[in-house]
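K.L.:
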Amino acid sequence: MNHLVRNAILVVAGVGVGVAAMLEMIQHARPRHAAPPHPECQIGPTTPGIDVSYYQQTIDWPRVQRAGIRFAFIRLADGASQRDPMFASNWAESRHAGLARGAYLFFRPDQDVAAQADLMIAALRGSRDDLPPVIDIEADGGLPPAVVAERARDWIDRVRGGLGVEPIVYTGGDLWRNGGAELLASQPLWVAHYTQNCPTLPSPWTRWTFWQHTDRGAVPGIDGAVDLDQFAGTLGELHAER
49 MNHLVRNAIL
59 VVAGVGVGVA
69 AMLEMIQHAR
79 PRHAAPPHPE
89 CQIGPTTPGI
99 DVSYYQQTID
109 WPRVQRAGIR
119 FAFIRLADGA
129 SQRDPMFASN
139 WAESRHAGLA
149 RGAYLFFRPD
159 QDVAAQADLM
169 IAALRGSRDD
179 LPPVIDIEAD
189 GGLPPAVVAE
199 RARDWIDRVR
209 GGLGVEPIVY
219 TGGDLWRNGG
229 AELLASQPLW
239 VAHYTQNCPT
249 LPSPWTRWTF
259 WQHTDRGAVP
269 GIDGAVDLDQ
279 FAGTLGELHA
289 ER
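According to the numbering used here, the stretch in the sequence shown is residues 49 to 290, in order.
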């Protein structure tokens, strides 16, 4: 082997080693985007929960509690007449398993508002140590946002008068992208925004009390996907909400 060939081989080998070293450095420097176990946004501690309806079918509530879930919002009805067939069992069994529980109603602003409010009042009258009732505002029923807010305010006022507690508003930003929620902003907010970053709040709210951060959660004791939520505070602070 003459010296020219030998030098060429050494150069090629040196380049190979350099490329390998560079690739290794890049690999070690590359950020690893592992999904956090739950969203980290609200300043201070948060408490995990879920919200359910008949879509989750039969739930093993003791397993849910052992998995670390500490509260559940349970659907009472969709509008004025469609009662959730799993409400009674979910309501009783979640309490028996030791979870804080609350009821929500999917609000239909184009239906009888008083009838929808009275469903919640009848379901929770005499109930003790439960989370406040929730009005779930997602559908506009073909009405302008300001009218939706007016009718939701009527529901809130009637439920407050009937139960003596301050209802929570569940909603997201899409319905209010052009405003209209001002009549509701004095209520505690349960915001729906599926993200691992800080949720975007509908104006004019400036903080969230509950946050539904995914509709594709997995929890032992529940077959299939379930909505996952966070409460902005400790477990003790959650119990103080009741």
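A virtual CB, placed ideally from N, CA and C, is assigned to each residue, including glycine. In this text, all values refer to a predicted model and were calculated from it rather than measured experimentally.
Using 8 Å as the threshold, is the C-beta distance between L191 and D160 below it?
P.N.:
Taking 8 Å as the Cβ cut-off, L191 and D160 do not qualify as a contacting pair.
K.L.:
Just to confirm my understanding: we take G220, look at its own chain, exclude 5 residues before and 5 after, and list those with CB closer than 8 Å. What are they?
P.N.:
Excluding sequence neighbours, G220 sits near E186, V239, A240, H241 and P250.
K.L.:
Could you check how far apart the C-beta atoms of T95 and F119 are, in whole angstroms? I think they sit under 8 Å.
P.N.:
So it is a contact: roughly 7 Å between Cβ atoms.
K.L.:
Helix or strand or just coil, what does DSSP make of L223?
P.N.:
Helix at L223.
K.L.:
Looking only at C-alpha atoms, which of I117, A140 and D108 sits nearest to L286?
P.N.:
Among I117, A140 and D108, the Cα nearest to that of L286 is on I117.
K.L.:
Using a 10 Å radius around the Cβ and a threshold of 16 neighbouring Cβ atoms, would you call A171 buried or exposed?
P.N.:
Buried, because 16 or more other Cβ atoms sit within 10 Å of the Cβ of A171.
K.L.:
Would you mind reading off the limits of the beta strand (DSSP E) that contains L237?
P.N.:
L237 to A240 is the span of the beta strand (DSSP E), which, as asked, contains L237.
K.L.:
Quick one: using the 10 Å Cβ neighbour count with 16 as the cut-off for buried, is D277 buried or exposed?
P.N.:
The residue is buried, with at least 16 neighbouring Cβ atoms inside 10 Å.
K.L.:
Tell me whether W253 sits in a helix, a strand or coil according to DSSP, three-state version.
P.N.:
W253: coil per DSSP, three-state reduction.
K.L.:
Helix or strand or just coil, what does DSSP make of F279?
P.N.:
If DSSP states are grouped into helix, strand and coil, F279 belongs with the strands.
K.L.:
Should I74 go down as buried or exposed, given a rule of 16 or more other Cβ atoms within 10 Å for buried?
P.N.:
Caution is warranted here: a pLDDT of 33 is assigned to I74, below 50, making its placement in the model unreliable, and no coordinate value can be reported.
K.L.:
Quick test of your reading: W109 and A145, contact by CB under 8 Å. State the CB separation rounded to the nearest angstrom.
P.N.:
So it is a contact: roughly 4 Å between Cβ atoms.
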